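Residue 144 in numbering that gives the first Met the number 0 is what sits at position 145 of the sequence shown, and the numbering runs on without skipping anything. Heads up, the beta-carbon is just placed ideally off N, CA and C, and yes, glycines get one too. Treat the numbers as computed from the prediction; the structure is a model and nothing was measured. Data first, discussion second: the structure below is written as structure tokens.
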Amino acid sequence: MDELTIREYQQEDWLVTCSIHDKARLIELHGSCDERAFVSLAEDKSDIEDFHRSKKYVACISGSIVGFVGIDDAEVTWLYVDPNTHGKGIGRRLLQEGLANIHTKASTYVLEGNTCARKLYKSEGFKEIKQFKSKNNGYLCTVLELSQ
């Protein structure tokens, strides 16, 4: 694998990050929530606001964006990696970058069925704080709050 670099998000990264989000979001929903809950990032008004509010970093290989992380105060708000590059440590590097820029104990929320994300966060010192039912675009799911 070519060298992975991480840089701050730039406005011109919007379309690529939307594409990565959308491909990875379908996988995230599988086993966690009815997949009909999927809405493209570019079409989800509340997610767009959250996305733009977050401080974001993108991971690049050979100049191409392969993932991104977002933070807002002490929360990891976004962490998505292109499914074609899963299993190469990109999510871990992005998470570590986000945590390095939080400067305090962090928290995040994950869908209960998202076992890959849960394993990654656990390996980086996160523990489950609480579990609750929520609706994702009208479909019931179980969410875990994790914290360091």
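Taking the C-beta atoms as reference points, ASP21 is found nearer than 8 Å to SER39. Taking a cut-off of 8 Å on C-beta distances, the stretch 136-146 touches the stretch 104-115, as three or more cross pairs fall below it. Taking the C-beta atoms as reference points, ASN136 is found nearer than 8 Å to ALA36. Its Cα nearest to that of CYS115, the residue GLY30 stands out among VAL57, ILE70, GLY30, GLY62. In the structure shown, the three-state DSSP call for GLN147 is coil.
Closest in C-alpha terms to ASN100, from the list TYR120, VAL15, LYS55, comes LYS55.
In the displayed model, PHE67 falls within a strand according to three-state DSSP.
LEU40: not part of any alpha helix (DSSP H); DSSP gives it neither H nor E.
Residue environment: GLU27 is assigned as buried (16 or more neighbouring CB atoms within 10 Å of its CB, all protein chains considered).
Approximately 5 Å separates the beta-carbon atoms of VAL57 and TYR8; this is inside 8 Å, confirming the contact.
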